[in-house]
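A.B. asks: Here you go, one structure.
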Amino acid sequence: MPLDLKEHIKQLSGLAAPAGHEGAACDAIRAAWAGLADHFEVDGLGNLIATKTGSGPEPRRKVMLCAHMDEIGLIVAEIRAGFIRAGMLGGIDARVLLSQPVLVHGQRPLPGVFGAAPPHMARSRTEYPTLDELWIDVGLPHEDVTALVRVGDVITFDAPAIELKGDRLAGKSFDNRVSVAAITVCLEELATRQHAWDVVAVASVQEEVGSHGAIAAAYRVQPDIAIAIDGTFAAQAGANDDETFKLGDGPTLGRGPNFHPLLFKHAREVAKAEEFKHQIEVLPGNSGTDAWLIQVSREGVPSLLFSIPMRNMHTPVEVVDVRDVRRTGRWMAALIAGMGPSFLDEIAWPETAREEGEA
């Protein structure tokens, strides 16, 4: 059956898999990719690596698609009088935690809520409480909490994805499960298209705490070319227009020192030929994604970055347009299908002359 992309994203979003605890996401993604890849493995760090064999002569070149499957979360730091104090597991903004429902993953998942002192007793009505001032209430006596929860247990948002109007969804962990879904779209598209290169799809771990999974996966796969897929900031109230991109106008293609200029040019040409809506994102330094570290693995890997615009990033109500996810997957499939056995030679350095006149 054709992929129901909305349902696929909602399923992936609902998984509890913060950095360092990605097992549930790994199992679900492997099930979703079954039949779309020829070989699966899980490396020593927990990255899921799925290979779809190309049709070119051996030894075939390899293109790695990398999207991280971990999400931001929290970790139990202290238990006091039956309440749980949390520490960050990734880039959590304490402003979004007030009154937020969560799941504490102890001996069994415990639903809880973040609470704070009533406004009548708050130390300030003009400042947000710090993370140390917020406590999780699971509704149990202290003795029961200490029997079920240990310091170091993980905590995730309890925020099922919801459908908004049109093709938009809101939910947790869209950073970066929507990019995993884009790889699913790509693999499904490639099932009906011939491609000379081997395609190695990686659902990487621990991006939110330092892109550790991408480093290990790049060393394991040894790709000839890599494409990272992640989220970027969508236009919304209160955000800088110069740093955001429009929902529904397609994914962004990164441009800057992290990305190979001729690979960038090829991706633009494919988008033009296929009439894919897209936007250009200028990243003059560290892209803040898996692409940054993949690019400099081993002897260096020509890399690209596709980013899917989302509102409210790093909150439990990230908003995406499903059309942008689908376009990302189809664009990657078309790009890969157009890479012949000699493509790597065609973009080899030095290429100053060929960059002249680039759009």
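The C-terminal residue of the sequence shown carries number 944 in the numbering used here, and the numbering is unbroken. Yeah, the Cβ is synthetic: ideal placement off N, Cα and C, and Gly gets one too. Quick caveat: nothing in here was measured; it's all calculated off a predicted structure.
(1) Helix or strand or just coil, what does DSSP make of residue 621?
(2) For the alpha helix (DSSP H) that residue 911 lies in, which residues bound it at each end?
(3) Just curious, the beta strand (DSSP E) that residue 756 is in, first and last residue?
(4) Keeping to the same chain, check which residues put their C-beta closer than 6 Å to that of residue 797; ignore five residues upstream and five downstream.
(5) Figure out for me which residue from 771, 589, 703 has the closest Cα to the Cα of residue 979.
(6) Leaving out the 5 sequence neighbours to the left and right, which residues in its chain are closer than 7 Å to residue 887 when beta-carbon positions are compared?
(7) Under the three-state reduction of DSSP, which class applies to residue 929: helix, strand or coil?
(8) I'd like the ranges of any alpha helix (DSSP H) spanning at least 4 consecutive residues and lying wholly in the stretch 870 to 912.
(9) Where does residue 690 sit, in a helix, a strand or coil, going by DSSP?
(10) Give, in chain order, every unbroken run of the beta strand (DSSP E) that is at least 3 residues long and sits entirely within the stretch 729 to 803.
(11) Helix, strand or coil for residue 725? Go by DSSP, reduced to three states.
(12) Return the CA-CA distance between residue 607 and residue 630, expressed in angstroms with no decimal places.
(13) Please identify the residue among 638, 816, 615 whose C-alpha is closest to the C-alpha of residue 623.
(14) Could you spell out where the alpha helix (DSSP H) holding residue 855 opens and where it closes?
(15) Output the distance between the C-alpha atoms of residue 663 and residue 756, rounded to the nearest integer angstrom.
(16) Cα separation between residue 642 and residue 902?
(17) Just checking my contact of residue 604 with residue 675 at CB under 8 Å: how many whole Å lie between their CB atoms?
(18) Excluding five sequence neighbours on each side, which residues of the same chain lie with their C-beta closer than 7 Å to the C-beta of residue 742?
(19) Which partner residues of residue 634 appear in the DSSP bridge assignment?
(20) Classify residue 821 as helix, strand or coil using the three-state DSSP reduction.
(21) Excluding the 5 residues flanking residue 884 on each side, which residues of the same chain have their C-beta closer than 8 Å to its C-beta?
(22) To which residues does DSSP link residue 651 through a beta bridge?
(23) Work out the CA separation of residue 670 and residue 719 for me, nearest whole Å.
(24) I'd like to know whether the C-beta of residue 606 is nearer than 8 Å to at least one C-beta of chain D.
C.D. replies: Reading it off the structure:
(1) Here residue 621 is taken as the residue at index 36 of the sequence shown, counted from 1. Correct three-state label for residue 621: coil.
(2) On the sequence shown, position 326 is the one that residue 911 refers to. Counting along the chain, the alpha helix (DSSP H) containing residue 911 begins and ends at 907 to 922.
(3) The sequence position of residue 756 within the sequence shown is 171, counting from 1. 753 to 756 is the span of the beta strand (DSSP E), which, as asked, contains residue 756.
(4) Here residue 797 refers to the residue found at position 212 of the sequence shown. Closer than 6 Å at Cβ, skipping near neighbours: 791.
(5) Here the chain comprises residues numbered 586 to 944, so residue 979 is not present and cannot be evaluated.
(6) Your numbering for residue 887 matches position 302 in the sequence shown. Same-chain partners within the cutoff: 810, 845, 848, 932.
(7) On the sequence shown, residue 929 is found 344 positions in, with the first residue counted as 1. Looking at residue 929 - three-state DSSP - the assignment turns out to be helix.
(8) 875 to 879
(9) Along the sequence shown, one-based indexing puts residue 690 at 105. Correct three-state label for residue 690: strand.
(10) 739 to 742, 753 to 756, 783 to 789
(11) Locating residue 725 in the sequence shown gives position 140, counting from the first residue. In the structure shown, residue 725 sits in coil (DSSP, three-state: anything other than H, G, I, E or B).
(12) The sequence position of residue 607 within the sequence shown is 22, counting from 1. The sequence position of residue 630 within the sequence shown is 45, counting from 1. Distance between the alpha carbons of residue 607 and residue 630 is about 10 Å.
(13) As a working mapping, residue 623 is identified with position 38 in the sequence shown. Checking every option, the nearest Cα to that of residue 623 belongs to 638.
(14) Here residue 855 refers to the residue found at position 270 when the sequence shown is read from its first residue. It spans 846 to 859 - the alpha helix (DSSP H) in which residue 855 sits, taken as one unbroken run.
(15) For this step, residue 663 is matched to residue 78 along the sequence shown. For this step, residue 756 is matched to residue 171 along the sequence shown. Looking at the two C-alpha atoms, the distance is approximately 28 Å.
(16) Sequence index remark: in the sequence shown, residue 642 carries index 57 (1-based). Sequence index remark: in the sequence shown, residue 902 carries index 317 (1-based). C-alpha separation (whole angstroms): 46 Å.
(17) Here the question's residue 604 lines up with position 19 in the sequence shown. Here the question's residue 675 lines up with position 90 in the sequence shown. Correct: roughly 6 Å between the Cβ atoms.
(18) For the purposes of this step, residue 742 is taken as residue 157 along the sequence shown, with counting starting at 1. Closer than 7 Å at Cβ, skipping near neighbours: 685, 687, 757, 901.
(19) Numbered from its first residue, the sequence shown carries residue 634 at position 49. DSSP, once it has assigned bridges, lists 626, 787 as partnering residue 634.
(20) Locating residue 821 in the sequence shown gives position 236, where the first residue counts as 1. Note: residue 821 maps to coil in three-state DSSP.
(21) Along the sequence shown, read from residue 1 onward, the residue named residue 884 stands at position 299. So the list is empty, once near-sequence residues are dropped.
(22) Mapped onto the sequence shown, residue 651 falls at position 66. Residue 651 is bridged to 787, 813.
(23) Here residue 719 refers to the residue found at position 134 of the sequence shown. Here residue 670 refers to the residue found at position 85 of the sequence shown. Going by the C-alpha atoms only, they are around 7 Å apart.
(24) In the structure shown, chain D cannot be found, because there is only a single protein chain.
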